[in-house]
Amino acid sequence: MPHAAAQGREVQFEVIPLRGIIDEVSTHLPPGARVTVTASPALGLPATLEVVGELAQRGFQAIPHLAARMFHGAGEVEEVLARLTATGVQEAFVIAGDAPHPAGDLPGALELLEAISASGSGITVGVGVHPEGHPFVSESEAMRLLRAKAEHASYAVTQMCFEAAPLLAWVRRLREGGISLPVRPGIAVPAGTARLLRIGTRIGVGRSLRMLSGEDAGVRRLLGPGHWSPGPLLEELERARAAQPELGLHGPHLYTFNAVRVARECAAGL
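The opening residue of the sequence shown carries number 889 in this note's numbering; numbering runs sequentially from there.
This is the structure:
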């Protein structure tokens, strides 16, 4: 498993392939920045690949999200990998995807990872993880799947986290269980808490989201009125990364919601 291929402290920025995002990235992020581009049934894989190809040509480390349920089969996987390789893309981020039904015979991320490995493309792969529990998979099954995915992946990216303690405790459980996959904490950039609550309820980050509802008085110090600010969390995770290298924490994955300038400001102090 090529762990060394994943970049360590470098921040990773996630964007959505909407109109204007290529210019936003080019304007606000430094050349060579790591930029992941989401995939969804609504926008389709071609939108992701088009943005990734253009960003790669502009010198960014462009990383497409590849959703297993959007592929019709291993043949299409190989076609997409060939296209990525031709444009200089060397990395992908593998997820199951939001489609209610698979388009082909790849129902989940593990099956897509296996298809990528079988292709012999040599592409570096990241995978998604759910420290606070997967909305549709039990904790034991999620751990079994992650152990299998780790055989094919170079790093993991968490769903949005709003609190350090549960994330760090989960990472320690991974290490105690013999899973050494480096972990990039997924952090939302500054945004209205109402919007984050809507997003988070859908993707299953419940325990942390209770903080945004104001149930934890201590957390209110981290928030403006109705607003999330990730600065204190980023600082806490950076201290943990420096003090506990055995945890294998890598630089954060910033969910930008296409607010690229704001995301760059968040990353400036890291």
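Backbone N, C-alpha and C define an ideal beta-carbon position, used for all residues, glycine too.
Integer Cβ distance of residue i from residue j, believed to fall under 8 Å
| i | j | result |
| --- | --- | --- |
| Y1143 | A1076 | 5 Å |
| A980 | L954 | 5 Å |
| P905 | T924 | Not quite, the Cβ-Cβ distance comes to about 11 Å (not below 8 Å), so this is no contact. |
| G1074 | C1049 | 6 Å |
| V965 | S1007 | 7 Å |
C-alpha distance - residue i paired with residue j, whole-angstrom precision
| i | j | result |
| --- | --- | --- |
| E999 | G961 | 10 Å |
| L972 | L943 | 12 Å |
| H916 | Q1047 | 24 Å |
| G985 | P929 | 8 Å |
| E1123 | G963 | 44 Å |
| P1133 | F959 | 37 Å |
| R1032 | E1153 | 37 Å |
| T1012 | Q978 | 6 Å |
Where residue i falls, given that 16 or more other Cβ within 10 Å makes a residue buried
| i | result |
| --- | --- |
| A1044 | buried |
| G1136 | buried |
| E1103 | Only weak support exists for where E1103 lies, its pLDDT of 46 falling under 50; the value from the coordinates is given anyway. By the 10 Å Cβ count, E1103 comes out exposed. |
| S1068 | exposed |
| P1118 | buried |
| P934 | exposed |
| R1129 | buried |
| A1151 | buried |
| A997 | buried |
| R1127 | exposed |
| E1064 | exposed |
| R1109 | Summary for R1109: the model assigns pLDDT 38, below 50, so the residue's position carries little reliability; its value from the coordinates is reported in the next sentence. Result: exposed. |
Contact under 8 Å by Cβ, residue i with residue j
| i | j | result |
| --- | --- | --- |
| V899 | P1120 | no |
| P952 | L937 | yes |
| H1040 | A1030 | no |
| G1010 | T975 | no |
| A1003 | R957 | no |
| P1070 | W1116 | no |
| V982 | L994 | no |
| A1155 | G1114 | no |
| S1042 | G1014 | yes |
Other residues of its chain near residue i: CB distance less than 7 Å, five sequence neighbours each side excluded
| i | result |
| --- | --- |
| G920 | G947, F948, Q949 |
| F1145 | V1077, A1079 |
| A1036 | L998 |
| L1055 | P1019, T1046, C1049, P1073 |
| F1024 | none |
Nonlocal neighbours in the same chain, by C-beta distance under 8 Å from residue i, ignoring five residues either side
| i | result |
| --- | --- |
| W1058 | P1019, E1020 |
| V1148 | F901, V903, I909, E912, V913, T915, H916, L917 |
Neighbourhood of residue i by C-beta, 6 Å cutoff - its chain only, sequence neighbours within 5 removed
| i | result |
| --- | --- |
| S1101 | Legend: pLDDT at S1101 = 48, less than 50; position of this residue unreliable, value from coordinates given subsequently. Nothing meets the Cβ criterion. |
| G896 | H1138 |
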